[in-house]
Amino acid sequence: MSKRATIAVESNELKKLKDANSLLDSNYNGFKVLEDGIELDTIPIPKTPTEIRQFYNEYVKKRKPCRFSERVDSFDWDLLKPENIKNLLDNTTLQIEKKTDGGFGSGSKRLAMDFYDFLDSLAAGNYDLYLTTQYAEHEVIDKCPKNQNTDEGSEEEIEGEEEDDDEEEETGVYAFPDNASDVSSTDSINFNDLHDDFEEMEEEDEGFEDLSYLVKELYQPPLDTLISSIPEQLPFLKLIPQQINLWIGAAKEQEDNQAFLKDFDPDDKKLGLGRNVPGGGSSSGLHHDHADNIYIPIKGHKRFTLFAPSDVSKMYTVGDVDELYDTGIINYKRNEKSPQWNKLRRDGAIETLYAEHRLEDPNISEEERKIMENILNDDNANQKDLSSSENVNHLDPPSFSTIPPTVVHLDKVVDEVTRKNIEKVSRKKWPEFFNAHRITVDLKPGEMLYLPTGWFHEVTSFGFREPSEDSSDIHVAVNYWLMPPTGDSIESMYSDDYWQTYFQSVSNALKEARRGAH
């Protein structure tokens, strides 16, 4: 192909991207980042009815992230610091993510480890392990023996895993996906566990009957022993909760973390850089989640790099974007890139699960019944068309960007020649990304972050380095996943009763569980 023809093809591809971005952007009326250098609003926690209403109208309704200058005091979060946590939580067996390709959020396998052994391993200097969302579909059978080396090939692993958090990054088998974070190990969704939250849900759905399961889905292990201590809803934000997660890992901040850059390969799809991030820390990868996020750091700090949902076409996601809702929910096309994707409503509910829910209503109209049946029939037909898709368990979630963390943080690459070489290739490979504006926020213990649905984020986690604290590089955080609002006001947050019906079942289950705990 001639140089002129190549330029014409590239120009046509850019035009398609810009046209797609314009179409998607027209559906989203929430907050946008129009220039670099904007600082995130920092506000106190709203306490009075007037303050709570103002927060809802100015941030939640407008889909605008903000930082809180204080932590909610409904629980003593310091009890979850590394030096205290064994006195609070049981030594249960958990699924632990292992670092892959220099970062988290993409592992196809997880280790089965006792919680205390995991904490001891981190304290001993193991930076390759991360506690993220616990997936119910994976039974823990093989366990990593105490003090066993977790080098490749020596550990017992859980097969079949695939996002934050995330996050970040960085979104239950009943009304919710397995992880609204998208998951991932992004704390966001990393935070962060590259198992997409909406895959595999329908095949496990049994309705709302198993109330004990609902409790464990809301309070993710090992937090399920704290159902009487940690509130299911925060006092200032009554969106329907999807999950409460605990995130624990270890990472150093070291300015000389540049050695991996020698592997730079302009022909590799990740440029040979993997999920490493220059300047130290561990990265969630750039991604978005399918739920609102209240993020509470307890030890260590997190650097969030944020991009608005309106820039979705500039993020070069794994999946092909189908639509962007006004709430920030992003749908993907079900194809070979995301063969198990389930279409979402504006409020984050899976469309087919909502259809099944409506069909259980004996008073449903004939017209609505036909609509709901068509939704289910179309979905079944689409599933059959893609039933032969290969390597499903090795696909990254569609909500993750294909852009490596190093490209997101080019300013952290010390060597000027290397930085310019990476930037040159990146501008050709992901040109529109460089037109996206960002907000960067460093989140520390004593603060919280509100991040609405659909906001892309790369989260770099660092251990604590303050001399007044212990020398551990362990970082700990808790987050609440909340379903995005579709209603007109704080009195009516959702446009129908789907989530309220679900949450009533959860509330009943919590009441019974708490009664039994006393």
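So in the UniProt record's numbering, spot 214 of the sequence shown is number 214, and the numbers just go up one at a time.
Built from N, CA and C at the ideal position, the CB exists for glycine as well.
Within the model, the alpha-carbon separation for Pro-339 versus Thr-440 is close to 33 Å. If you ignore the 5 residues before and after Asp-311, its C-beta comes within less than 6 Å of the C-beta of Ala-436, all in its own chain and listed in chain order. In the displayed model, Lys-370 falls within a helix according to three-state DSSP. Linking Gly-348 to Asn-293 through their CA atoms gives a straight-line distance of about 13 Å. At the C-beta level, Phe-456 and Val-33 stay beyond 8 Å of one another. Boundaries around Val-478 are those of the beta strand (DSSP E), 474-482, since no alpha helix (DSSP H) includes it. Nearest in C-alpha terms to Leu-79, of all of Val-408, Ile-298, Glu-323, Ile-364, is Ile-298. For the beta strand (DSSP E) assignment, the uninterrupted runs of no fewer than 3 residues enclosed by the segment 252-305 are, from N- to C-terminal side, 292-299. Closest in alpha carbon position to Gly-446, among Asn-421, Ala-477, Ser-461, is Ala-477. The way I'd put it, the segment 356-366 doesn't touch the segment 407-426; fewer than three beta-carbon pairs between them come closer than 8 Å.
Annotation for Gly-249: the continuous beta strand (DSSP E) segment containing it runs 241-250. If the five residues before and after Ile-85 are omitted, its C-beta is found closer than 6 Å to no C-beta atom of its own chain. Nearest to Gly-463 by alpha-carbon distance, out of Gly-280, Lys-64, Leu-40, is Gly-280. Under the three-state reduction of DSSP output, Glu-458 falls in the strand class. Listed in chain order, the non-local C-beta contacts of Met-315 below 6 Å within the same chain comprise Ser-401, Phe-456, local neighbours out to five positions each way being set aside.
The beta-bridge partner set that DSSP reports for Ile-43 consists of Phe-68.
When C-alpha distances from Asp-263 are compared across Asn-421, Ala-124, Ile-330, Leu-111, the shortest belongs to Asn-421. Residue environment analysis places Arg-514 among the exposed positions, since fewer than 16 neighbouring C-beta atoms fall within 10 angstroms of its C-beta. The bridge partners DSSP lists for Thr-440 are Thr-305. The count of Cβ pairs closer than 8 Å, one atom from the segment 46-65 and one from the segment 88-103, stays below three, leaving the stretches out of contact. Residue environment for Thr-486: buried (at least 16 other C-beta atoms within 10 angstroms of its C-beta). Cα atoms of Asp-488 and Tyr-494: separation of roughly 8 Å, rounded to the nearest angstrom. Around the C-beta of Glu-217, 16 or more other C-beta atoms lie within 10 Å, and the residue is accordingly described as buried. The shortest CA-to-CA distance from Gln-383 to any of Val-459, Asn-342, Met-372 is the one to Asn-342. In the three-state DSSP reduction, Gln-95 falls in the strand class (E or B).
Contact between the segment 402-417 and the segment 272-287 is present: 3 or more CB-CB pairs across the two stretches fall below 8 Å. Residue pairing for Tyr-130: DSSP places it in a beta bridge opposite Glu-97. DSSP places Asn-331 in no alpha helix (DSSP H) but in the uninterrupted beta strand (DSSP E) bounded by 330-332. Between Ser-283 and Lys-99, the alpha-carbon positions lie close to 10 Å from each other. For Ala-349, there is no enclosing alpha helix (DSSP H), as DSSP marks it with neither H nor E. Nearest neighbour of Glu-432 by Cα position, chosen from Asp-267, Asp-41, Ser-313, turns out to be Ser-313. Ranked by how close their Cα comes to the Cα of Gly-102, the residues Leu-234, Tyr-213, Tyr-127 have Tyr-127 in first place. Annotation for Val-321: the continuous beta strand (DSSP E) segment containing it runs 321-324.
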